[in-house]
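Asker: Per my numbering, the very first residue in the sequence shown carries number 278; after that it's consecutive. Heads up, the beta-carbon is just placed ideally off N, CA and C, and yes, glycines get one too. Have a look at this one.
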Amino acid sequence: MAQRQALGRGLEALIPAAVQEERGIKQIPLDAIRSSAHQPRKVFDDNKLKELSASIRSHGVLAPIILRQTQDGYELVAGERRFRAARMAGIPSIPAIIKEVSDGEMLELALIENVQREDLNPIEEADVYRRLTEEFGLSQDEVARRVGRDRSSVANALRLLRLPTRIQDDLKAGTLTAGHARALLALEAASEQLRLREQIVRRGLTVRAAEGLVRRLKAQPITTRVAAGRLSPSLRALEDRLRQQLMTKVAIVPAGRGGRIELHYFSDEDLTRLVEAIAGGPSA
C-alpha cells in the first residue's frame with residue numbers, strides 16, 4: 278500500500294521536497310497556470326493525452342513543466358501535454374520550474390522544446406523552423422544546431438509549407454507521412470500533387486509506390502518526344518490532361534485522320550490501377 282501511494286506522488290516520491298526546492302522545482306496549482314499563445318503545437322492526440330493522464334494518475338508527473346510568473350499567476354513555457362493531461366487526471370498541482378524569460382525567449386524555448394521532444398506533426402515542425410527563421414532571423418544552419426537536426430532536415434521540412442493546403446492538412450492528420458509529402462514535392466504543379474495525393478489516399482500507397490508514380494509522371498517516353506513536334510497544341514493539351522489524370526506515361530500518336538493513344542504500365546498492379554481509372558472503379 279505504501280508503495281502504491283509513493284508511485285502516485287510522482288516526482289515527490291523520487292526527489293525529496295528539500296532537493297526539489299534546491300533545484301528550483303515547485304508544486305504549482307493547476308488553476309494558477311494558463312496556456313501560452315506562443316504554443317507551436319496546435320493538434321493534440323486525444324488518445325495519447327488519455328494514456329498520459331492515466332499514467333499521471335498512477336505515477337504522478339515525473340518531469341517538471343517550465344513556467345514564467347505573470348501578474349495573475351503563471352504562463353506555460355514548455356510542457357503543454359503534461360499540463361493538459363494533469364488537468365484531465367484531476368490532480369490539484371504540478372511540479373514546475375519558474376524561469377524569467379522575455380516573450381522572445383519564451384517563444385524560442387517553446388518551439389525548440391517541442392521539436393526536441395518530437396511531439397509535433399510534420400507541418401507543425403516545419404512551422405517551428407519557419408518562425409525561428411522569420412521571427413528570430415536565424416539561418417537554417419543556426420536552426421539546425423539549436424534543435425539538434427542537420428541542415429538538410431530543416432530545409433526539407435520547410436519545403437513542406439509549399440504544398441497545397443489540403444495536403445498539409447493530411448500531414449497534420451497523419452493521413453500522409455513526410456515521406457509521401459517529399460515524393461509529392463517532386464511534382465511542380467499543385468494540380469499534379471493533388472491528383473497523386475488522391476491516388477495515395479484512395480489506394481493506401483506506400484511511400485515507395487508513390488515515388489514510383491512520380492518517376493513515371495516525370496519521365497517522357499521516346500514516342501512522346503519524337504511526336505511532340507508533330508502534335509497540335511490541342512492534342513498536346515489532351516495528352517497532358519490524360520497523363521495527369523491517369524498518373525502514367527501517355528503518348529498520342531496521330532496517323533492520318535485517326536491515330537492511337539499509348540498508355541504505359543509497369544506491373545500487373547499498375548495495369549489494374551489504370552483499368553480501374555479508365556473504367557471508373559474496380560471490376561466485379
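Residue ranges of each alpha helix (DSSP H) run of no fewer than 4 residues wholly in the segment 517-561, ordered along the chain?
Answerer: Note on the segment 517-561: whole alpha helix (DSSP H) runs with a minimum of 4 residues are 545-556, in chain order.
Asker: Which word fits Lys495, buried or exposed, when buried means at least 16 other C-beta atoms lie within 10 angstroms of its C-beta?
Answerer: exposed
Asker: Does the count of Cβ pairs from the segment 371-378 and the segment 407-417 closer than 8 Å reach three?
Answerer: no
Asker: Based on the DSSP secondary-structure assignment, which residues constitute the bridge partners of Leu344?
Answerer: Leu353 and Ile375
Asker: Within 10 angstroms of the Cβ of Val320, are there 16 or more other Cβ atoms? Answer buried if so, exposed if not.
Answerer: exposed
Asker: Roughly how many whole angstroms lie between the Cα atoms of Ser332 and Arg443?
Answerer: 35 Å
Asker: Mapping the DSSP letters down to three states, classify Ser312 as helix, strand or coil.
Answerer: coil
Asker: Where does Ser509 fall in DSSP's three states?
Answerer: coil
Asker: At which residue ranges does the segment 377-420 contain complete alpha helix (DSSP H) runs of 4 or more residues, listed in the order of the chain?
Answerer: 380-393 and 399-413
Asker: Pull up the CB-CB distance for Gly536 and Val530, whole angstroms please, since I reckon it's below 8 Å.
Answerer: 5 Å
Asker: What is the rounded straight-line gap between the Cα of Leu307 and the Cα of Pro369?
Answerer: 6 Å
Asker: So is Ala355 buried or exposed if we call it buried at 16+ other beta carbons inside 10 Å?
Answerer: buried
Asker: Would you mind stating whether Ile305 and Leu353 have Cβ atoms separated by less than 8 Å?
Answerer: Taking 8 Å as the cut-off, the beta carbon of Ile305 is found no closer than this to the beta carbon of Leu353.
Asker: Starting from Lys303, follow its DSSP beta bridges and name the residues at the other end.
Answerer: Bridge partners of Lys303 according to DSSP: Ala373.
Asker: Relative to the C-alpha of Gly456, which candidate in Arg485, Ile371, Ala432 and Pro341 has its C-alpha closest?
Answerer: Arg485
Asker: Ignore the nearest five residues each way along the sequence and tell me which others in Ala512's own chain have a CB closer than 6 Å to its CB.
Answerer: The amino acid occupying residue 512 in the given sequence is Leu; Ala does not appear at that position. The residues are Ile529.
Asker: In three-state DSSP terms, what is Glu328?
Answerer: helix
Asker: In the DSSP assignment, the alpha helix (DSSP H) including Thr442 goes from what residue to what residue?
Answerer: Where Thr442 is concerned, the enclosing alpha helix (DSSP H) starts and stops at Thr442 to Ala450.
Asker: Smallest Cα separation from Ala463: which of Glu357, Val478 and Arg436?
Answerer: Arg436
Asker: Note down the Cα distance separating Ile555 from Glu390, rounded to an integer number of angstroms.
Answerer: 49 Å
Asker: Let me check understanding here. Comparing Cα to Cα, which of Asp418, Glu402 and Glu553 lies closest to Arg479?
Answerer: Glu553
Asker: Are the CB atoms of Pro399 and Ala458 nearer to each other than 8 Å?
Answerer: yes
Asker: Locate the alpha helix (DSSP H) running through Thr477, then write down its first and last residues.
Answerer: Looking at the sequence provided, one finds Ile at residue 477 rather than Thr. Its alpha helix (DSSP H) spans residues Ala467 to Arg480.
Asker: Which whole-angstrom value is the C-beta distance of Leu551 and Leu508, which I expect to be below 8 Å?
Answerer: Not confirmed; about 22 Å, so no contact.
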